[in-house]
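Under the UniProt record's numbering, the letters of the sequence shown match residues 1 to 511, in that order.
Following: one structure in structure tokens, then a few remarks.
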Amino acid sequence: MALDALSLLLLFLLLLPLMFIMLKNIKIERKNKHNLPPGPPKLPIIGNMHQLGALPHQSLCQLAKRYGPVMLLHLGGVPTLVISSAEAARVVLKVNDLGSCSRPLLAGARKLTYNYLDMGFTPYSDYWREMRKICVLELFSTKRVQSYRSIREEEVDSLINSISQSSASATPVDLTEKLFSLTASIIFRIAFGTTFQGSGFNHHRFHEVIHEAEALLGSYSAAEFVPYVGWIIDRLSGLHQRLERTFHEMDHFFQKVIDNHLSCERITDKDHEDIIDVLLKIVGKQTESEAAQFSHNNVKALLLNIFVAGVDTGAITMIWAMAELAKKPNLMKKAQDEVRNVIGNKGKVGESDIDQLQYLKMIVKETLRLHPPAPLLLPRETISYFKVNGYEIYPKTTIQINAWAIGRDPDYWNNPEEFIPERFIDSSIDFKGQHFELLPFGSGRRICPGIHMGTTVVELGLANLLYWFDWKLPEGMEVEDISMEEEPGICLTVSKKTALNLVPVKFSAAS
């Protein structure tokens, strides 16, 4: 009996490695049976997070060249589908828009912050649909955007006057600082109905807080990807404290402005309502029977969305456009000739003139193709099963659309790394979500509702910069010295790493 027991033990030990091999093969067969998208090997706990790099959109683009335009990564324990081609984007954003229209539920510090402001980043819900309706029909309708025309034109005039002072002394102008200031001032007045000076809030501090909020919302919280212990990492790293401090400061300011608008002394003209006037009117008119109740916290949430999405994106687009034109003086001159021929001796570029500036519109399209301000569209999450390029995609999968990679795909664009506005001559391609090779604003149910507002600011700002000034490089600088390097870091938007400094020379229509 003892011998038999020993024999059985030896047999078990001999068969044990074989059992492990069989179990591994079964696991591989199950994976192959599901036909999941390909992707790089992952590490324990962190998955593929170490492969994101300092510029995640560029890192993911390089990985896609090896593993394909439909690629599966794991960020911690979260399965993440990365889309890097126009056709795959069409399948996700159009064919399966409803099945992929949710947002990932957040955890840890970011979840606390979003819940604090009641951001409504819950799966496709009554609340989200109501917020979407308010944005499309109330805040960013064509009529509403047009009602803010005078604000945009006044702020652009102020920008031109400011630059003119430097042109008199032929000193370089920091266009990066000037254009961020322009977009912040426009959004501030549209949202609050007052200037920075009138609000008593420091202009530079406001932009610092907005930029910090954007950086934090675009960062990766350990609690979202590392189960059980991630929240400890967030606190030890200081991320949790940064989030709380930043968003409490924003909340305090928003509450102060709301209180001012609720003051009985305030008198508003219906044709000149700011965004808070519109939102507070919605709060006052709602009934208890409505599916989604709209509160002052929701007003703050929408304001935060507007500032995070509106301030940096417009400025970044104008900065990249001016940098590309500065590197190619022949294109700069072509754009200037167009706007100056159209405007003639009027002495001012107004919004009514923009539709005549077709080459300017090509410049904006080409800038958004080559330098989308948000290179990775805001993540989606699947709520149902579907297939992309034959691969099976399951619910609770995060989806990242790499708009930067799609805009540089040689299968869709000739010489994709070159800035060539002429590629859009006689082209029907636009950025409104129906052409998936150009997706700076997304597509489908989650498309950015502020497209019209954003592009109007960009076109008006660029047109005036090109009309009023000839732009020269600082002394001793050559076009090859203009850096087009992107600012590293995990953020919602990606800007030019170094400030754009150019010397303005005032143009005279009489000459």
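Note that beta-carbon positions come from the ideal geometry of N, C-alpha and C, so glycine has one too.
Neighbourhood of residue i by C-beta, 6 Å cutoff - its chain only, sequence neighbours within 5 removed
| i | result |
| --- | --- |
| Ile319 | Thr176, Leu179, Lys496 and Leu500 |
| Met453 | Phe140 and Val145 |
| Val91 | Val388 |
| Gly53 | Ser59 |
| Asp97 | Gly444 and Arg445 |
| Arg408 | Pro416 |
| Lys133 | none |
| Ile160 | Asn464 and Trp468 |
| Pro172 | Pro474, Asn501 and Val503 |
| Glu249 | Val209 |
| Asn32 | Because the pLDDT of Asn32 is 48, which lies under 50, any placement of that residue in the model is unreliable, and the question is left without a value. |
| Glu324 | Phe419 |
Whole-Å CB distance - residue i paired with residue j, under 8 Å assumed
| i | j | result |
| --- | --- | --- |
| Leu331 | Ala463 | Wrong, their Cβ atoms sit about 15 Å apart, outside the cutoff. |
| Arg144 | Arg380 | Wrong, their Cβ atoms sit about 27 Å apart, outside the cutoff. |
| Cys61 | Ala403 | The pair is not a contact, with the Cβ atoms about 11 Å apart (cut-off 8 Å). |
| Phe436 | Ala89 | 5 Å |
| Glu485 | Val494 | At roughly 11 Å, the Cβ-Cβ gap does not stay under 8 Å, so Glu485 and Val494 are not in contact. |
| Glu366 | Phe419 | 6 Å |
| Phe196 | Phe206 | 7 Å |
| Pro474 | Ile163 | That belief does not hold up - the Cβ atoms of Pro474 and Ile163 are roughly 15 Å apart, past 8 Å. |
| Gly314 | Thr183 | 4 Å |
| Thr456 | Arg152 | 7 Å |
| Pro56 | Leu376 | 6 Å |
| Lys328 | Ile482 | Their Cβ separation, rounded to whole angstroms, is 10 Å, which puts Lys328 and Ile482 out of contact at 8 Å. |
| Ala321 | Ile363 | 6 Å |
Segment limits, beta strand (DSSP E) that includes residue i
| i | result |
| --- | --- |
| Ile83 | Val78 to Ile83 |
| Leu75 | Val70 to Leu75 |
| Val505 | Asn501 to Lys506 |
| Asp470 | Phe469 to Lys472 |
Residue range of the alpha helix (DSSP H) that includes residue i
| i | result |
| --- | --- |
| Val283 | Ile275 to Lys285 |
| Trp128 | Asp126 to Lys133 |
| Val145 | Thr142 to Ser147 |
| Trp413 | Note, Trp413: premise wrong, no alpha helix (DSSP H); not H, not E. |
| Pro56 | Pro56 to Tyr67 |
| Asn35 | Neither: Asn35 is in no alpha helix (DSSP H) and is coded neither H nor E. |
| Thr246 | Leu239 to Leu262 |
| Arg445 | Here Arg445 belongs to no alpha helix (DSSP H), and DSSP marks it neither H nor E. |
| Lys94 | Lys94 -> no alpha helix (DSSP H), and no H or E assigned at all. |
| Lys42 | It is not in any alpha helix (DSSP H) - Lys42 carries neither H nor E in the DSSP assignment. |
| Asp430 | Segment: none, Asp430 is in no alpha helix (DSSP H) and carries neither H nor E. |
| Lys300 | His296 to Lys327 |
Residue i, buried or exposed, once every other Cβ within 10 Å from all chains shown has been counted against 16
| i | result |
| --- | --- |
| Ile45 | exposed |
| Asp274 | buried |
| Gly461 | buried |
| Ile186 | buried |
| Ser100 | buried |
| Ser84 | buried |
| Asn48 | buried |
| Pro372 | buried |
| Lys300 | buried |
| Val479 | exposed |
| Glu338 | buried |
| Gln434 | exposed |
| Ser384 | exposed |
| Glu422 | exposed |
| Tyr148 | buried |
| Thr287 | exposed |
| Gln165 | exposed |
| Leu137 | exposed |
| Thr498 | exposed |
Own chain residues within Cβ distance below 7 Å of residue i, not counting five before or after
| i | result |
| --- | --- |
| Leu36 | Leu72, Tyr391 and Glu392 |
| Tyr412 | Ala86 and Glu437 |
| Ile451 | Lys432 and Phe441 |
| Leu236 | none |
| Leu360 | Ala335, Glu338, Val339, Glu459, Leu462 and Ala463 |
| Ile354 | Glu459, Leu460 and Ala463 |
Contacting residues, own chain, Cβ-Cβ under 8 Å from residue i (five flanking each side not counted)
| i | result |
| --- | --- |
| Glu214 | Val308, Asp312, Cys491, Leu492 and Thr493 |
| Cys448 | Ala309, Phe441, Gly442 and Gly454 |
| Gln255 | His296 and Lys300 |
| Val342 | Asp353, Gln356 and Leu357 |
The ligand FAD heavy atom lying under 7 Å from the CB of residue i
| i | result |
| --- | --- |
| Phe201 | As for the ligand FAD, it is missing from this structure, which has no ligand bound. |
CB contact below 8 Å: residue i versus chain C
| i | result |
| --- | --- |
| Leu370 | Absent from the structure: chain C. Only one protein chain is present. |
Practice task
At 3 residues or longer, and completely inside the stretch 337 to 409: list those beta strand (DSSP E) runs for me, N to C.
Solution key: As far as the stretch 337 to 409 is concerned, its whole beta strand (DSSP E) runs of at least 3 residues are 386 to 388, 391 to 393 and 398 to 401.
- [ ] Would you list, in sequence order, the uninterrupted alpha helix (DSSP H) runs of no fewer than 4 residues that lie entirely inside the stretch 157 to 218?
- [x] Fully enclosed alpha helix (DSSP H) runs of 4 or longer: 175 to 192, 196 to 199 and 203 to 218.
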